[in-house]
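Here is the structure we will look at.
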Amino acid sequence: MNPSVTLALVTLAAPLAAALLSVVIPPIRHRGAPAAMLTLLGSLLATGAAGLLVMEDLAGRAIRATVPWMVVQGRPLGQVGVRLDAVSIPMLLVVCLVALGVQIYSVAYMHDEKRRSYGRYFAYHALFLFSMNLLVLAPDLLQAFAGWELVGLVSYLLIGFHFDRPSAARAAVKAFWMTKLADMGFLFALLVLYARTGAFSWDVALRPEVAEATAGLIFLAVMGKSAQFPLHVWLPDAMEGPTPVSALLHAATMVAAGVFLVVRADPLFAQAHWVQGGMLWVGTITAVFTALLGLVQTDIKRVLAYSTCSQLGFMVAALGAGSAFAGYFHLGTHAFFKALLFLGAGSVIHAVHSNEMKDMGGLARRMPLTAVTFGLGALSLAGIPPLAGFASKDVILTALEGKAGWIPWALLLATAFLTAFYMGRVLVLTFLGKPSPAAAHAHESPAAMTVPLVALGIPTVAAGFLGPWLARGLGGEMHLHLGLTPVLASLAGLGGLLLSLATYLRGREAPLAATVAALDRASLVDRAWAFGYHSVLLPVSGLLRWVDRYLVDGLMNGLGWGTLETGQAMRPVQTGRTRDYALAVVVGALVLMVLGAWP
Amino acid sequence: MTAELGFGVFAFLLVGFPALRVVTSRDLVRTVLWLAVTLLGTAVLFALLHAPFLAGVQVLTYVGGVVTLMVFGVMVTHKHDGTTVAIDGANRVRGALAALAFFGVVAFAIVRTDLSSLTPVETPSTQDLAMALLDRYLIAFEVASVLLLAAIISAVVLARRRDPLPEGAEPADGARLQEGSVP
Amino acid sequence: MTLRALLLVATALFSIGIYGLLTRRQAVALLLSIEVMANAANLVFVVFARYGGAPGHPLVLFALAITVAEVAVGLALVLVLYRRHGDTLLELASEAKG
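Chains as they are written, first to last, in our numbering: chain A, 18 to 616; chain B, 43 to 225; chain C, 20 to 117.
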């Protein structure tokens, strides 16, 4: 077998083995530490394999190794295996690296958990890495769907990890049903594809309306998974999960899977111009709207959650503009600096035992490593050159030039400003200024937590320079240029940051912030979804449950009851009287004679 | 036609009437005796049908053996006080219906079938019969012996008493199950 | 004695036996009715041995043996019935009542 394929299989098999062992052998996860070690080992192997694959540098080639799955009437229903090319390999590395870092971080962060929970946590992580890799390496949309659903499941399990907390349980259910609802789009897209082409590949030429329908349906699922307006409301609530989970799933990898899917299925989306137009606007609106909301949050994780929504909007808009590379590039850089930001936030939360920024302040002095790395992440997110975030954001803005009358370009430029602004606010409230009572006794986090922070800091700064390499792999190119867009983007970032520092260091608030905060509290979108849930989904569920219990079960029970009743009714036939039986014999013989001799 | 009719009357007197008395007689002893008559009548028919050996066997086995057995059976189990048991009224109707239906169906088949191709042939002699038993039908012969043995054994097992009754005591009535009386 | 007449006689005998089978209440009487039926069957065999050459005679002998065996076992059962219930009425043997 091709050595590259072997490496790819390692990235799948190692985490899967860790997960399976933890599941099948209860002592492993009940004792906690063994499960963690297995998961870490699996992730280490996977990351190593991914790294080796990157170094192979396929450059335009694609390796596809599959086995047929479910052969029906001589034809397989789909293919299962791996596809290695310039799209899947970089993502694979990003996922494995961030996962590894988060898992190492978790060793310290989740230290206070009971051993059983600890083991369960790491078992879930192993399952997640396997599922995500399954999605990334998918050779067609069928396997992608499998991985998609699996990561959705793990997300549910991890958001509701502390299932004894009602808010966490509710958040998990909310995330699950909202994304599952959106996933119907994916499912229907698969049906359409199969009906039209007999396979699930994205590499097909379709009639325009079929391409639009398929792409549109897939985008519906993307809106759910990648938290685009108006399906974004589950992401802030998902912060109920442990912070490392928020970093890995709900910032770096899982929510980005939607973006990844569009990049992966680019040949399909390139044929769907209307859908792309829709993506452009949905992404833009999401980016602006959620950035505004991020400005008025008091919980540090919620700020980052809305920020994630906003950045995902950037990516989606770029995809809508037709540049898969722009979306993909930002996906990569975002994974690193957002994970870094979340882990840093976790470090802070761990130190002050609170998510609220009012319980923080002045932590720069007490937690220098965290402060510096977080600061780097913030700067990268804000798009300050020459950090990674700037590079990818610039590529996006460049791709948006001239599209839809420059409006998305302008809006996203403004959002870049807002991004820098709200991150500046976070920096001030968390690390600068006077410490709150809770923060007074904070201290730096243990090495298991700070080392990943530093490790993630490197790509946060430098990943921008990998852009050209990535672009070449995708068949395009990227070069630095000095033009209107990068200059304006830099100014927006710097300006936003400075203005924010100026405002918040002086203890003032941004203009219109009160209005936005009021809007946030009104949570109209959330209420709309809640209404839909309670007025539509639950009644329909109740109806189905009634049908199941009284019609389906009723039918079954009725059959059983009917059988018994019939048996009871037939008991009188057994009179016990010999003469009756003799009569039966005679009559029976008569009947047989007549029937047998019938001409 | 008349020959048939005549034969019909003859046969009725020979076997039909006695058989009717078998199934309708109120007295069990008389029933047994009427059966003996029926069997004798059948033996006569056998003789008329050129099967003298079978007629003889019929008399020996049935009339001699079976009927004797039946008489013994009646003696052991019957209340000798002369009371008879009425034949159930409702059952009479349906019994008659079933019997008539049966007769109707088979008679219909007989009448409708073309039997002209069947003519009287020479029946096997006793010697032929003996040869056949020990030659062609040897296995059936042996099996029949085994069957008779099995019947004897089962009859003995079924009918034996476990414990001996005291002298002159009545057997148990229906309410009480005597221990060991039922194998 | 035509073939048809003989067969009809045998059938009538058999039917009479059926009437007895379905009607009689005494166990011994039932057995006697069955004897009538067996007898009728034997008659048919002998008739066809005469008309058409069917090898009925050996069969009659075997049927005879079987009938005798049946009578023996049947009477033993009647004895058991009598011992259980003090009488040989068939409706006493109703344990198979469902």
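For each residue, glycine too, the CB sits at the ideal point set by N, CA and C.
Bridge partners - Gln45 of chain C, DSSP secondary structure assignment | C:Leu108
For Leu40 of chain C and chain A, any beta-carbon pair shorter than 9 Å?
-> yes
For chain A, is any of its Cβ atoms less than 9 Å away from the one on Ala84 of chain C?
-> no
CB contact flag (Gln474 of chain A, Gly394 of chain A, <9 Å) | Correcting the residue identity first, residue 474 of chain A is Gly in this sequence and not Gln. Closer than 9 Å, so yes.
Within chain B, the residues that Val66 of chain C reaches when beta carbons sit closer than 7 Å | Leu91
Would you call the CB atoms of Val99 of chain A and Leu154 of chain A closer than 9 Å?
-> yes
Given 8 Å as the limit, is there contact between the segment 333-353 of chain A and the segment 379-387 of chain A, that is, 3 or more CB pairs closer than that?
-> no
Contact belief for Ala103 of chain A with Leu499 of chain A at Cβ below 8 Å, rounded distance in angstroms = Not a contact, Cβ separation roughly 28 Å.
Leaving out the 5 sequence neighbours to the left and right, which residues in its chain are closer than 6 Å to Gly169 of chain A when beta-carbon positions are compared?
-> Thr196
Figure out for me which residue from A:Ala244, A:Phe306, A:Pro261 has the closest Cα to the Cα of Val276 of chain A.
-> A:Ala244
Would you call the segment 174-187 of chain A and the segment 200-207 of chain A in contact, with 3 or more CB pairs under 8 Å?
-> no
Selected residue, minimal CA-CA separation from Ile121 of chain A, among A:Thr432, A:Leu110, A:Pro261 = A:Pro261
Assigned exposure category for Met87 of chain A - 16 Cβ within 10 Å defines buried | exposed
Tell me, to the nearest whole angstrom, how far the beta carbon of Lys375 of chain A is from that of Thr315 of chain A; I am working on the premise that it is less than 8 Å.
-> 6 Å
Terminal residues of the beta strand (DSSP E) in which Arg202 of chain B lies = Taken as a continuous stretch (DSSP letters only), Arg202 of chain B belongs to no beta strand (DSSP E), as it is neither H nor E.
For Gln293 of chain A, does the count of other Cβ atoms within 10 angstroms reach 16, so buried, or fall short, so exposed?
-> buried
Burial state of Val47 of chain C (16 or more Cβ within 10 Å) | buried
Straight-line gap, Pro547 of chain A to Arg187 of chain A (C-alpha atoms, nearest Å) = What sits at residue 547 of chain A in the sequence shown is Ala, not Pro. So the two alpha carbons sit approximately 12 Å from each other.
Would you say Val148 of chain B faces chain A, with C-beta separation under 9 Å as the test?
-> yes
Of the listed residues A:Val115, A:His249, A:Phe286, nearest to Thr477 of chain A (C-alpha basis) | A:Val115
Kindly say whether Thr44 of chain B, judged by its beta-carbon, lies nearer than 9 Å to any beta-carbon of chain C.
-> no
Compute the beta-carbon to beta-carbon distance between Cys326 of chain A and Thr350 of chain A, rounded to the nearest angstrom, for a pair I have assumed lies under 8 Å.
-> Incorrect: roughly 17 Å between the Cβ atoms, too far for contact.
Is it true that the segment 127-139 of chain A meets the segment 41-60 of chain A, where meeting means three or more beta-carbon pairs spaced less than 8 Å apart?
-> yes
Comparing the C-beta of Val209 of chain A with each C-beta of chain C, is any distance below 9 Å?
-> no
List the DSSP bridge partners of Leu101 of chain A.
-> A:Ile80
Straight-line gap, Ile85 of chain C to Leu50 of chain C (C-alpha atoms, nearest Å) = 14 Å
Opposite Gly95 of chain A in the DSSP bridges: which residues?
-> A:Trp86
Just how far apart, CA to CA, sit Gly48 of chain B and Leu56 of chain B?
-> 12 Å
Span separating the alpha-carbon of Val557 of chain A from that of Thr532 of chain A | 37 Å
Quick one: any contact between the segment 241-260 of chain A and the segment 341-355 of chain A, if contact means 3 or more CB pairs under 8 Å?
-> no
Neighbour-count burial assignment, Val590 of chain A, 16 or more Cβ in a 10 Å radius = exposed
Taking the alpha carbon of Leu55 of chain A as the point to measure from, which residue in A:Ala35, A:Ala67, A:Glu73, A:Val603 has its own alpha carbon closest?
-> A:Ala35
Give a yes or no on whether 9 Å exceeds the smallest Cβ distance from Pro225 of chain B to chain C.
-> The pLDDT assigned to Pro225 of chain B is 42, lower than 50, so where the model puts this residue is not dependable, and the model offers no usable value.
Roughly how many angstroms lie between the CA atoms of Phe180 of chain A and Met256 of chain A, to the nearest whole one?
-> 14 Å
Please determine, among A:Pro93, A:Ala25, A:Arg81, the residue with the shortest C-alpha to C-alpha distance to Leu62 of chain A.
-> A:Ala25
Residue-level contact to chain A via CB, Arg68 of chain B, 9 Å cutoff | no
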